[in-house]
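The numbering of the sequence shown is the numbering used here, which starts it at 7 and goes up by one.
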Amino acid sequence: MGMVVKGLLTGFVIVLPGMSGGTMLLLLGLYEKLMRDLSRLRVLSWIPFALGAAGGILVGGRAFAWLFESYSSIVSAFLLGSILASIRSVLGENYHPSFRRAAIFLIGVGIGLILAGTPMGIMESTARPNAALLLIGGALASATMILPGVPGSSVLIIMGLYDNMMQALADLDWITLGIFIAGAAMGIFGLANALDNLYSRYRATISWLFAGLILGAGRMLVPASFASPVLLIIAAVAGFALVWWWGSK
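Here is the structure:
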């Protein structure tokens with residue numbers, strides 16, 4: 007499979023909350039080479055992959071934004087199921103609870119609830135987020151995206167940026183996208199290795215904290231309308247099942 011196609015698949019996957027780009031890289035046999043090349047700043051061979059990933063993100067983001075505009079409550083339910091299921095892959099082998107881990111988890115839930123703000127509405131606001139927030143969001147999302155089992159797009163939900171980025175992709179808002187891409191480049195080259203080492207050293211603590219953040223931030227994804235409860239349940243179960251299956255790989 008060519009690097010462009012592999013990038014396209016990875017880009018399409020990482021648009022969905024709960025889906026880990028790092029897991030996709032492992033499945034494609036690219037994870038170790040990417041981390042090694044990033045540490046040595048050998049990036050030229052990754053240009054076809056990056057172009058494919060950009061195409062996947064653009065296509066996936068625009069499609070997802072259209073779906074949200076047309077079926078906002080159903081898509082919200084699907085996303086809620088997706089990120090709840092991602093807690094399993096985030097915890098990985100560290101699922102055995104303890105008092106300390108439970109405390110860390112509850113702290114994460116509290117922070118997630120505070121950060122979550124109001125429910126998402128991708129097509130309701132055209133206000134551009136603060137540039138500094140976009141830079142930080144891009145850096146953190148790209149750095150965490152590379153970690154296997156950690157969904158980078160969930161970072162955007164926690165920070166309240168996911169709907170803004172889907173809107174930017176739908177409208178081709180190159181200013182917002184450009185600022186975010188600059189932050190993403192900073193994250194990949196400046197944070198990825200450090201975060202990978204930190205995650206390897208404190209995997210259990212970070213995993214339980216991040217799981218709590220995801221659960222708390224899930225408040226944003228509670229559908230605004232329950233007019234079709236059966237469809238909402240089906241959508242939530244479908245999102246949950248998809249990410250649960252993906253996390254088992």
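Think of the CB as a built atom: it goes at the ideal place given N, C-alpha and C, for glycine as much as any other residue.
Keep in mind it's a predicted model, so treat the numbers as computed, not measured.
Problem set entry | Run of the alpha helix (DSSP H) containing A233, from where it starts to where it stops | Here A233 belongs to no alpha helix (DSSP H), and DSSP marks it neither H nor E.
Problem set entry | Best match in V228, G144, L219 and I240 for proximity to I194 [C-alpha to C-alpha] | G144
For this session: Name the residue from P135, F186 and A138 whose alpha carbon lies nearest to the alpha carbon of A147.
Result: F186
For this session: State whether the region 213 to 233 contacts the region 54 to 65, with contact taken as three or more CB pairs (one from each stretch) at a distance under 8 angstroms.
Result: no
For this session: Specify, as a first and last residue, the run of the alpha helix (DSSP H) that W214 falls within.
Result: R209 to A223
Problem set entry | Selected residue, minimal CA-CA separation from D169, among L50, A71 and A56 | A71
Problem set entry | Same chain, Cβ closer than 8 angstroms to F232, five either side skipped, listed in chain order | S79 and L238
Exercise. Considering only the beta carbon of each residue, do S213 and V96 sit closer than 7 angstroms?
Worked result: yes
Exercise. Helix, strand or coil: how does DSSP classify N136 here?
Worked result: coil
For this session: Out of E75, L22, P103 and L57, state which residue places its alpha-carbon closest to the alpha-carbon of F84.
Result: L22
Exercise. Exposed or buried, which one is V236 when buried takes at least 16 other CB atoms within 10 Å?
Worked result: exposed
Problem set entry | Proximity of G3 and A59 at Cβ, strictly below 7 angstroms | Residue 3 lies beyond the stretch modelled for the chain, which goes from 7 to 255, so this question has no answer here.
Exercise. Using DSSP with H/G/I as helix, E/B as strand and the rest coil, what is M171?
Worked result: helix
For this session: Look at the Cβ atom of P157, then the Cβ atom of S92, and state whether they are nearer than 7 angstroms.
Result: yes
Exercise. With a cut-off of 7 angstroms, does the C-beta of A190 fall near any C-beta of chain C?
Worked result: Looking for chain C here will not work: only one protein chain is present.
Problem set entry | Proximity of T182 and A188 at Cβ, strictly below 7 angstroms | no
Exercise. Got a sec? Which residues, its chain only, sit under 7 angstroms from M172 by beta carbon, not counting five neighbours each side?
Worked result: G67, F70, A71, F74 and I128
Problem set entry | Segment limits, alpha helix (DSSP H) that includes I181 | W180 to M192
Exercise. Cβ of A242 within 7 angstroms of Cβ of L86?
Worked result: yes
For this session: With DSSP as the reference, label L112 as helix, strand or coil.
Result: helix
Problem set entry | Sub-7 angstroms separation of M165 and G27 beta-carbons | no
For this session: Express the C-alpha separation of A191 and K39 in angstroms, rounding to a whole number.
Result: 18 angstroms
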